[in-house]
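Enquirer: Numbering (UniProt numbering), first residue to last: 1 to 177.
Where a beta carbon is used, it is the ideal one built from N, C-alpha and C, also for glycine.
Please find one structure pasted underneath; my questions will follow.
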């Protein structure tokens, strides 16, 4: 008897014979808010963000292969790439970029992935992000501004920014205490 491999929404293979009728119905409308998701989905999302923070490249790779969105975003707008980069996990950042994760998504605070890595001093991650197409001039503050603030001359050279360039502040505009 011939059989076919079918995938459920969760990516778990099931086998059905040619005589088996499988009815697949699409949801009428996807959930609009995280609170609309079933608890198991919320638990899985939390696990995925923890894997990114921990730099568990092999486990995260398996989830991505099973169809987890490469630009999965948490309630703060942080992507898997942002979380793994902020925690200095170069190999996991490479994996996500190679899978097509967007290095230019800003979180809800307007922060970029690469600026966060500059801020944290994750030089190898910064290089991977830069080579992976991260825009150093998006976000607030952007990666160039962060490199200047923290006197990260190597990063400024990597970005092609002039070392010693500064932000001009007028004394009249400075906040007073």
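1. Where do the N-terminal and C-terminal ends of the alpha helix (DSSP H) with residue 57 fall, by residue?
2. What runs of the beta strand (DSSP E), each 3 residues or longer, lie entirely inside the segment 134 to 170?
3. Do you know how far the Cα of residue 127 is from the Cα of residue 158?
4. Please name the residue, chosen from 85, 67, 111, 118, that lies closest to residue 50 on a Cα-to-Cα basis.
5. Check this for me: beta carbons of residue 93 and residue 37, under 8 angstroms apart or not?
6. Mind pulling the alpha helix (DSSP H) runs of 4 or more residues that sit fully within the segment 72 to 102?
7. Does the beta-carbon distance from residue 111 to residue 139 come in below 8 angstroms?
8. Quick check: what's the CA-CA separation for residue 39 versus residue 52?
9. Near residue 163, which residues of its chain fall below 8 angstroms by C-beta distance, leaving aside the five closest residues on each side in sequence?
10. Where residue 137 and residue 56 are concerned, what is the direct C-alpha to C-alpha distance, given to the nearest angstrom?
11. Is the beta carbon of residue 134 sitting closer than 8 angstroms to the one on residue 118?
12. By Cβ distance, which residues of its chain are closer than 8 angstroms to residue 101, with the 5 residues on each side in sequence left out?
13. Would you mind stating whether residue 88 and residue 122 have Cβ atoms separated by less than 8 angstroms?
14. With respect to the alpha helix (DSSP H) encompassing residue 50, which residues constitute its N-terminal and C-terminal limits?
15. Would you say the beta carbon of residue 44 is closer than 7 angstroms to some non-hydrogen atom of the ligand MG?
16. Between which two residues does the alpha helix (DSSP H) holding residue 124 run?
17. Looking at the unbroken alpha helix (DSSP H) that takes in residue 68, where does it start and where does it end?
18. From 109, 131, 120, pick the residue whose C-alpha is nearest to that of residue 151; which is it?
Expert: Judging by the given coordinates:
1. 57 to 65
2. none
3. In this structure, the alpha-carbon of residue 158 lies about 8 angstroms from that of residue 127.
4. 85
5. no
6. 80 to 86, 90 to 98
7. yes
8. 20 angstroms
9. 153, 156, 157
10. 29 angstroms
11. no
12. 70, 71, 79, 80, 81
13. Going by C-beta atoms, residue 88 is nearer than 8 angstroms to residue 122.
14. 39 to 54
15. What this structure holds is no ligand at all, so the ligand MG is not there to describe.
16. 123 to 131
17. Element bounds for residue 68: n/a, residue is neither H nor E.
18. 120
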